[in-house]
Amino acid sequence: MTQTRTTRLERGRGALGPALELVHTGRAPTRAVLTAELGVTRATAGAVAAELEALGLIQVDARPAASAGSQGRPSHRLSIAPNGPVVLAAQIHADGFRAALVGLGGRVIATAPGCMTVPADPSRIIDAVVEAGAGLLRETGRRCLGAGLAVPSAVAEPEGTALNPLHLSWPVGAPVRTLFNEALAKSGVLGPDGTPVTGVTGNDVNLTALAEHRHGAGRGARHLLCVATGHRGVGGALVLDGRLHSGSSGLAMEVGHLTVNPTGQPCHCGSRGCLDVECDPLAFLTAAGREPGPAVSLLQQSRDLLHTEYADPSVRAAADLLIDRLGLGLAGLVNILNPDRVVLGGLHRELLDADPERLRAVVAERSLWGRSGSVPILPCSLEFNSLIGAAEAAWQPVLDDPLAMVG
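See below:
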């Protein structure tokens, strides 16, 4: 019997990664669904699920209750192991950072916010980020399998350098991935083999799109366009057939530098009237005639103003202005990319919630395909999507080969 199970597992070992990803993304809630999705026998699927459970990654419920009216033996339920390993995830933004521990399934286990003026030396805040994450690991006692960092800049591949941190005072080409791995090594965050975990880095909106595609409002989309404004600036990302489109060297989808107001504000890129300066929180506060304060982030100030004073004519006019300019940019992207879904994050999500019909009408009016079949425009649904996206990047080696990374 043991030999039979071993043979089944050897046949199914190549399915461990795909099986884990199916459970991780919620697409295989039962062993029957897993069997169908993998295209293997029931016995092989059972052996694969048992191996993933032995690795401490998933949980197999062998005695689920049958649903009302169902016939035959109910299938075993599959879920993420509640006390399984985690990855350290972090996000740096113009007003500070946040570190977190994130498990499989996109579950945020613990977070630690850090508000500080981002120094010109990126190593200082990266050290603070990693120390905050290491503290969470010490507090929880969780096993760590990797680390991911989201930064507000295009990240060039394969070097992992931040090429245009426009809203930070970092030097162009800051080696953020090298600095991140050096900080991880100094912190003593170790993987299962006793060596420092390897850190990965990426653009924050790219990672937001990845998180929303796997766990949020973008689930099920084949071609997902994500546009978001966080604390400063505007970013975009595209997921094609389940994979993040990063271009030839990681620099694709710099949508913040689409011109939406030719006579508008000068942009950091050297142009004028870009989405980056016409549709971010500072642009909203300025259009509403509000002076930004130092107490909380520009993003939070904008959200508070939109939620509490939307009836004020100046606030409503500012919201309408940003919606029209955002819609103009989205229409151009829809014409070029032909996505089957658009998700909006940060302040753009709040603007969509404030007047969804206005934004959709602007996109439809200026889109080639808007009149024949409008592209769904939805708000991002994950609270910590950049963090979860950073975690997704860190989990990817485990999803690719669970046995090598965990076993």
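Going by this note's numbering, the sequence shown opens with residue 1, and the numbers climb by one from there. C-beta atoms are modelled at their ideal positions from N, C-alpha and C, and glycine is treated no differently. It should be emphasised that the depicted structure is a prediction, and the values quoted were computed from it without experimental measurement.
Which residue wins for smallest C-alpha separation from residue i, given the options the options?
| i | options | result |
| --- | --- | --- |
| H348 | V234, A221, P313 | V234 |
| L382 | A36, G133, G218, G148 | G218 |
| R375 | V343, L351, L403 | In the sequence as displayed, the identity of residue 375 is Val instead of Arg. That would be V343, whose Cα lies nearest to the Cα of V375. |
| L333 | S367, V172, I109 | S367 |
| G105 | L403, G407, A404, N385 | N385 |
| P152 | E131, E159, V176, G135 | V176 |
| D121 | T44, A156, P379, A174 | A174 |
| R303 | G346, L251, H213, I323 | G346 |
| S79 | G26, A90, H93, V118 | G26 |
| A156 | S169, T178, E291, P313 | T178 |
| D263 | R42, V277, G256 | Residue identity check: residue 263 is Thr in the sequence provided, not Asp. Closest by alpha carbon: V277. |
| D320 | A295, R290, N338, D355 | D355 |
| L351 | N338, D324, A364, P339 | D324 |
| A394 | H167, T35, A50, L210 | L210 |
| E21 | V172, A112, A36, R214 | R214 |
| G96 | A364, P294, G199, A331 | P294 |
| E365 | A331, I377, R341, D353 | A331 |
Given a cut-off of 9 Å on the beta-carbon distance, is the pair residue i and residue j in contact?
| i | j | result |
| --- | --- | --- |
| A154 | N164 | yes |
| I388 | V102 | yes |
| T195 | G148 | no |
| L57 | L137 | no |
| P192 | V23 | no |
| R77 | R31 | yes |
| L16 | L403 | yes |
| L238 | E392 | no |
| L275 | G329 | yes |
| G114 | A132 | yes |
| A311 | A288 | no |
| A134 | V189 | yes |
| H231 | L298 | yes |
| P281 | Q265 | no |
| H223 | P339 | yes |
| L305 | F284 | yes |
| A390 | A45 | no |
Could you tell me how far apart the beta carbons of residue i and residue j are, in whole angstroms, since I believe they sit closer than 8 Å?
| i | j | result |
| --- | --- | --- |
| V129 | A162 | Not confirmed; about 14 Å, so no contact. |
| G270 | V260 | Actually they are not in contact, since the Cβ atoms of G270 and V260 sit about 16 Å apart, beyond 8 Å. |
| V48 | A19 | 5 Å |
| C226 | G242 | C226 to G242, Cβ: 14 Å. No contact. |
| L229 | C279 | Sequence inspection shows Thr at residue 229; the Leu mentioned does not correspond to that position. About 6 Å separates the two Cβ atoms, so the contact holds. |
| A43 | L34 | With 8 Å as the limit, A43 and L34 do not qualify as a contact, their Cβ atoms being about 12 Å apart. |
| L168 | A94 | 7 Å |
| V118 | I125 | 6 Å |
Give a yes or no on whether 9 Å exceeds the smallest Cβ distance from residue i to chain B.
| i | result |
| --- | --- |
| G235 | Among the chains of the structure shown, chain B does not appear; only one protein chain is present. |
The stretch 209-224 in contact with the stretch 182-190 per 3-pair CB rule at 8 Å: Contact between the stretch 209-224 and the stretch 182-190 is absent: fewer than 3 CB-CB pairs across the two stretches fall below 8 Å.
Go through the stretch 94-181 residue by residue and report every complete run of the alpha helix (DSSP H) that reaches 4 residues or more, in order. DSSP runs (the alpha helix (DSSP H)) wholly in the stretch 94-181: 122-140.
Kindly confirm or deny that the stretch 349-365 and the stretch 389-404 touch, where touching means at least three C-beta pairs closer than 8 Å. These segments do not touch.
Check whether the stretch 74-86 and the stretch 135-145 are in contact - that is, three or more C-beta pairs closer than 8 Å. Between the stretch 74-86 and the stretch 135-145, the count of C-beta pairs closer than 8 Å reaches three or more; the two stretches touch.
What ranges does the alpha helix (DSSP H) occupy inside the stretch 334-361, keeping only unbroken runs of at least 4 residues that lie completely in it? If we require 4 residues or more, the alpha helix (DSSP H) runs fully inside the stretch 334-361 come out as 347-354.
Enumerated in chain order, which unbroken segments of the beta strand (DSSP E) with a length of 3 residues or greater are wholly contained in the stretch 19-92? You should have 58-61, 77-80.
Counting only runs of 3+ residues fully inside the stretch 209-272, write out the beta strand (DSSP E) ranges in chain order. Taking 3 residues as the shortest admissible run, the stretch 209-272 contains the following complete beta strand (DSSP E) segments, listed from N- to C-terminal end: 223-229, 235-240.
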